[in-house]
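Some notes on the structure that comes next.
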Ligand SMILES: [Zn+2]
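Numbering (this note's numbering), first residue to last: 88 to 375.
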């Protein structure tokens, strides 16, 4: 078995699968307002510091995070834009920062080809889809070239599912059920449901991750202490659950990891959720 529990051998890395970096081209004012209302710090002040990836890595060290997936977002009308180039440069030469690109299907005539280029030439190691922010269904034919390319490239697809608090986001596109088609058509492609269907689709997300070997739940943006309320059978499915914070939306990563470790789960399950499952999906050294 590849994944060993802490204390019996290899230490399982701690991985945050869902980070928005402190860099952007622009952010919609309602996003900045939301951060100012919900974060323990003033947005303008902290974001200036976190533009420096070295500062961010020090923060990760303090929070006990070994690796973080850093997400591009090109959601012009709903949240804002952090470009592929910005995240490529932010993560360059930094082993712990794992860049995920965004090939918004409204921006590229051939999103599959663009994804191939971003992975093969720019070093991206995953792709994030934003259906609620960019207004497409996950099982539309125009999205299929993205899945095809990701499958050929051997990279995971992280997908926003469930609710979004920001203006202009449309919930209907966040239904995880649309992923059923994709999971059937691409059985070897890791599909990771960010927020696990947040809102009223928790049961769907859970069921899909049980049904399909390649579908995973990612729990960013959910209060960790409530996970067993949302997913009463979670202890039976811990090899399919992945930790993420949605930083800076959830500002204290360590606190959230500790809250998961405090759930009534065995040590191996906690290790799987906080990094073991992600390490395998990301093919980190020693986990391929
Ligand atoms: Zn997010």
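For each residue, glycine too, the CB sits at the ideal point set by N, CA and C.
What is the DSSP secondary structure of residue i, reduced to helix, strand or coil?
{"i": "residue 161", "result": "strand"}
{"i": "residue 94", "result": "Caution applies to residue 94, whose pLDDT of 47 falls short of 50 and renders its modelled position unreliable; the model cannot decide the point."}
{"i": "residue 101", "result": "coil"}
{"i": "residue 185", "result": "strand"}
{"i": "residue 217", "result": "coil"}
{"i": "residue 223", "result": "coil"}
{"i": "residue 166", "result": "coil"}
{"i": "residue 351", "result": "coil"}
{"i": "residue 376", "result": "Any question about residue 376 goes unanswered here, given that the chain covers just 88 to 375."}
{"i": "residue 241", "result": "coil"}
{"i": "residue 85", "result": "The chain is shown from 88 up to 375; residue 85 falls before or after that span and cannot be answered."}
{"i": "residue 128", "result": "coil"}
{"i": "residue 271", "result": "helix"}
{"i": "residue 345", "result": "helix"}
{"i": "residue 372", "result": "coil"}
{"i": "residue 459", "result": "A query on residue 459 cannot be resolved here, the shown segment of the chain reaching from 88 to 375 and no further."}
{"i": "residue 211", "result": "coil"}
{"i": "residue 89", "result": "Residue placement at residue 89 cannot be trusted, given a pLDDT of 39 that sits under 50; what the coordinates show is reported in the next sentence. Three-state result, residue 89: coil."}
{"i": "residue 194", "result": "coil"}
{"i": "residue 255", "result": "coil"}
{"i": "residue 316", "result": "helix"}
{"i": "residue 290", "result": "helix"}
{"i": "residue 339", "result": "coil"}
{"i": "residue 311", "result": "helix"}
{"i": "residue 298", "result": "helix"}
{"i": "residue 376", "result": "There is no way to answer for residue 376, as the model of the chain reaches only from 88 to 375."}
{"i": "residue 321", "result": "helix"}
{"i": "residue 179", "result": "coil"}
{"i": "residue 205", "result": "helix"}
{"i": "residue 276", "result": "coil"}
Using DSSP's beta-bridge definition, name the partner residues of residue i.
{"i": "residue 334", "result": "106"}
{"i": "residue 154", "result": "102"}
{"i": "residue 281", "result": "247"}
{"i": "residue 328", "result": "304"}
{"i": "residue 113", "result": "168"}
Nearest CA to the CA of residue i: which residue from the options?
{"i": "residue 263", "options": "238, 159, 298 and 168", "result": "298"}
{"i": "residue 106", "options": "188, 328 and 198", "result": "188"}
{"i": "residue 254", "options": "276, 129 and 164", "result": "164"}
{"i": "residue 357", "options": "236, 345 and 367", "result": "345"}
{"i": "residue 323", "options": "334, 313 and 351", "result": "351"}
{"i": "residue 329", "options": "218, 353, 349 and 367", "result": "367"}
{"i": "residue 173", "options": "205, 195 and 196", "result": "205"}
{"i": "residue 233", "options": "290, 130 and 195", "result": "195"}
{"i": "residue 160", "options": "309, 245 and 311", "result": "245"}
{"i": "residue 317", "options": "133, 239, 289 and 191", "result": "289"}
{"i": "residue 113", "options": "128, 167, 141 and 139", "result": "167"}
{"i": "residue 302", "options": "320, 151 and 280", "result": "280"}
{"i": "residue 209", "options": "176, 353, 217 and 181", "result": "176"}
Are the C-beta of residue i and some C-beta of chain C separated by less than 8 angstroms?
{"i": "residue 178", "result": "Going by chain labels, chain C is absent from the structure shown, which holds only one protein chain."}
Under 7 angstroms from any heavy atom of ligand 3, does the C-beta of residue i make it?
{"i": "residue 343", "result": "The model depicted lacks ligand 3 and carries ligand 1 instead."}
Next on the checklist: Quick check on the contact list: which residues have their beta carbon closer than 6 angstroms to a heavy atom of ligand 1?
Outcome noted: 105, 107 and 333
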